[in-house]
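Chemist:
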Amino acid sequence: MSLQLSPKTIRNLTRIIPFGIIWLVSGWVFWIVEQAAVGNSDQDQSSRIAMNFEVFLFSSAALMIVGLLIGTIELLYLNQVFSKKSFTKKIVYKTIFYILLLLVITFITYPIAKSLELDISIFDQRVWDMFGDYLTSITHLSTDIQLATSLLASLFYSEISENIGHGVLMNFFTGKYHTPTEELRIFMFSDMKSSTAIAEQLGHIKYFELLKEYYSDFSEAIIQHSGEIYQYVGDEIIISWKYEAGIVNNNCIKCFFAMKKDLHKRAEWYSSNFGITPTFKAGFHFGKVTTGEIGELKKEIIFTGDVLNTTARIQGLCNPLNVDLLISGDLCQSLTLEPEFKIQSLGKYELKGKEQNMELFTIKD
1 MSLQLSPKTI
11 RNLTRIIPFG
21 IIWLVSGWVF
31 WIVEQAAVGN
41 SDQDQSSRIA
51 MNFEVFLFSS
61 AALMIVGLLI
71 GTIELLYLNQ
81 VFSKKSFTKK
91 IVYKTIFYIL
101 LLLVITFITY
111 PIAKSLELDI
121 SIFDQRVWDM
131 FGDYLTSITH
141 LSTDIQLATS
151 LLASLFYSEI
161 SENIGHGVLM
171 NFFTGKYHTP
181 TEELRIFMFS
191 DMKSSTAIAE
201 QLGHIKYFEL
211 LKEYYSDFSE
221 AIIQHSGEIY
231 QYVGDEIIIS
241 WKYEAGIVNN
251 NCIKCFFAMK
261 KDLHKRAEWY
271 SSNFGITPTF
281 KAGFHFGKVT
291 TGEIGELKKE
301 IIFTGDVLNT
311 TARIQGLCNP
321 LNVDLLISGD
331 LCQSLTLEPE
341 FKIQSLGKYE
351 LKGKEQNMEL
361 FTIKD
């Protein structure tokens, strides 16, 4: 039986692995620089660990493991714990945590590496005497600088990834969309119902706080169903799938209902904190888009194509047709929905910019 990883697990792994690579590469760079700097020095280097093949393998493995550990803690734990703290408090708390963590790592890795170098037991007194010398040596300071640099580089990657999206960041690094590429994609345009009235009722600051919670509640469903957030536009969120990822297991449709379910779970919380319970409507369509990097002062990866305008207009018909979900006939024919989903044709409608009327469907679970 083949092991099938969930979209969330795959996403977490692709975000955590770069931490290990950053720590490994920066460790190698520091080792090369250190060899060049102290290789011919006459100073006492007894506390310094001489690099042989066995120690090199252990050090490389340790660096990779530490990087992966930092990535796991940062992305799966600390980001959630400190998500509502101010930037200053977040930095202070994380700094204290990582200083303590790196001290523990040093106390574990140095004795092991030294015992490997000398080919003696880790419990040999000579190992611990040299460890004491190491803690007050320039070598220890050099190691601290290395660890701090690796930590800053990995946290910088984490913040950039969090702000522009991991997928977008990886695409920039790989240059995947440096040259425009044609893709077949599914789009969902989701829009909060009665958003103008809600904004007037709450005021701008409170409404913004509502939007942050509202978008946050969609995250799990989008991740679990392989969706990619393309844009936030006011109270509208545009979600995209590569065609195969959106069709398999009916991910695009199931994502909509999972978003509905997650929002409904917090209905009482919204009512208690904001006096309203937000709901949304969505339109679906698919088609070819051109994907590529654009911009000079600020680069973005954007989609262009008629499918975006068409999807927006499909979503705009949700209110007149009194439904929460509208899907184009083309996309509906591509899906093989489970029996619990009930499909209903709403007839053909004229969409601005389209020569032929398009049949639209709604789906209920």
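Residue 48 in UniProt numbering sits at position 48 of the sequence shown, and the numbers go up by one each step. Cβ atoms here follow ideal geometry from the backbone N, Cα and C, with glycine treated the same way. Since the model is a prediction, treat every value here as computed from it, not as a measurement.
1) Spatial neighbours of residue 349 within its chain, please: C-beta separation below 7 Å, excluding the five flanking residues on both sides.
2) List the residues that DSSP assigns as beta-bridge partners of residue 188.
3) Would you call the CB atoms of residue 199 and residue 255 closer than 8 Å?
4) Assign residue 289 to one of three DSSP states: helix, strand, or coil.
5) Could you pull the start and end residues of the beta strand (DSSP E) that residue 223 belongs to?
6) So, does the stretch 297 to 317 touch the stretch 207 to 217, judging by three or more C-beta pairs under 8 Å?
7) Which value, in whole angstroms, describes the spacing of the CA atoms of residue 331 and residue 196?
8) Sorted by chain position, which residues of the same chain lie with C-beta nearer than 7 Å to residue 373's C-beta, five sequence neighbours on each side aside?
9) DSSP state of residue 179, grouped into three classes?
10) Between which two residues does the beta strand (DSSP E) holding residue 349 run?
11) Using the three-state DSSP reduction, which class does residue 161 fall into: helix, strand or coil?
12) Just tell me which of 253, 280, 305 has its CA closest to the CA of residue 334.
13) By a C-beta neighbour count over all protein chains shown, 10 Å radius and 16 as the cutoff for buried, is residue 77 buried or exposed?
14) Taking one C-beta from the stretch 276 to 295 and one from the stretch 183 to 193 each time, how about it: are there three or more such pairs within less than 8 Å?
15) Just checking my contact of residue 291 with residue 181 at CB under 8 Å: how many whole Å lie between their CB atoms?
16) Can you give, in chain order, each stretch of the alpha helix (DSSP H) that sits fully within the stretch 62 to 115 and has at least 4 residues?
17) Mind checking whether residue 97 and residue 193 have CB atoms under 8 Å apart?
18) Give the secondary structure of residue 294 by DSSP, where H, G and I count as helix, E and B as strand, and everything else as coil.
19) Around the Cβ of residue 16, are there at least 16 other Cβ atoms within 10 angstroms (buried) or fewer (exposed)?
20) I think residue 259 touches residue 218, with their Cβ atoms under 8 Å apart; what is that distance to the nearest whole Å?
21) Using a Cβ-Cβ cutoff of less than 7 Å, which residues in the same chain neighbour residue 328 once the five nearest sequence positions on both sides are dropped?
22) How many Å lie between residue 226 and residue 137 at the Cα?
23) On a CA-only basis, which of 206, 355, 63 is nearest residue 27? Give me that one, please.
24) The alpha helix (DSSP H) that contains residue 331, what's its start and end?
25) Would you mind reading off the limits of the beta strand (DSSP E) that contains residue 231?
26) Could you pull out every residue in the same chain whose Cβ sits closer than 7 Å to the Cβ of residue 24, ignoring the five residues on either side in sequence?
27) In terms of alpha-carbon separation, which member of 73, 145, 93 lies closest to residue 106?
28) Would residue 42 be called buried (16 or more neighbouring beta carbons within 10 Å of its own) or exposed?
29) Would you check if the distance between the CB atom of residue 115 and the CB atom of residue 127 is smaller than 8 Å?
30) Would you identify the three-state DSSP class for residue 355, choosing helix, strand or coil?
31) Below 8 Å on the Cβ atoms is my contact criterion, and I expect residue 289 with residue 304 to pass it. Report the Cβ-Cβ distance as a whole number of Å.
32) Enumerate in chain order the residues of its own chain whose CB-to-CB distance from residue 345 is below 6 Å, with the five nearest sequence positions on each side excluded.
33) Drop a sphere of 10 angstroms on the beta-carbon of residue 74, count the other beta-carbons inside from all chains shown, and report buried for 16 or more, exposed for fewer.
34) Hey, residue 363 and residue 321: beta-carbon distance below 8 Å or not?
35) Note down the Cα distance separating residue 149 from residue 18, rounded to an integer number of angstroms.
36) For residue 302, which beta-bridge partners are listed by DSSP?
Modeler: On the basis of the supplied data:
1) 317, 357, 358, 360
2) 239, 284
3) no
4) strand
5) Per DSSP, residue 223 belongs to no beta strand (DSSP E); it is in the alpha helix (DSSP H), 204 to 224.
6) no
7) 30 Å
8) The question about residue 373 has no answer, for the chain in this structure spans 1 to 365.
9) coil
10) 342 to 349
11) helix
12) 253
13) exposed
14) yes
15) 5 Å
16) none
17) no
18) strand
19) buried
20) 5 Å
21) 284, 285, 314, 358, 360
22) 50 Å
23) 63
24) 329 to 334
25) 228 to 233
26) 60, 63, 64, 67
27) 145
28) With a pLDDT of only 49 at residue 42, under the threshold of 50, the placement of this residue in the model should not be trusted; the figure read from the coordinates follows. Exposed, by the Cβ-count rule.
29) yes
30) coil
31) 6 Å
32) 361
33) buried
34) no
35) 15 Å
36) 292
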